[in-house]
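Numbering (this note's numbering), first residue to last: 20 to 77. In this text, a Cβ means the ideal position worked out from N, Cα and C, and glycines have one as well. These numbers come from a predicted model, not from an experiment.
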């Protein structure tokens, strides 16, 4: 059996980011999704895919 290599900095950051997101309360997760949709809207529009981001969460 071979030993596992240690995680690279990028792999570690990606794993930590996922864990941090999983530990957030639901309302914070929704805010992250809304922000992501808002940021991706112009990128998708350039590709001919039109999305309508959710409204703000209150």
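Quick one: grab the DSSP three-state call for residue 21. Reading the chain shown from its first residue, position 2 is the one you call residue 21. DSSP places residue 21 in coil when its eight states are reduced to three.
If you follow the alpha helix (DSSP H) that residue 36 is in, where does it begin and where does it stop? Along the chain shown, one-based indexing puts residue 36 at 17. First-last of the alpha helix (DSSP H) with residue 36: 28 to 42.
Residue 37 versus residue 28 - alpha carbon distance: Counting from 1 along the chain shown, the entry for residue 37 is found at position 18. Counting from 1 along the chain shown, the entry for residue 28 is found at position 9. Residue 37 and residue 28: Cα-Cα distance of roughly 14 Å.
With C-beta atoms as the reference, is residue 56 less than 7 Å away from residue 44? Taking the chain shown and counting its residues from 1, the one referred to as residue 56 is at position 37. Taking the chain shown and counting its residues from 1, the one referred to as residue 44 is at position 25. Pairing residue 56 with residue 44 gives a Cβ-Cβ distance that is not under 7 Å.
Express the C-alpha separation of residue 25 and residue 62 in angstroms, rounding to a whole number. Within the chain shown, numbered from 1, the residue matching residue 62 stands at position 43. Within the chain shown, numbered from 1, the residue matching residue 25 stands at position 6. Taken atom to atom, the span from the alpha-carbon of residue 62 to that of residue 25 is near 35 Å.
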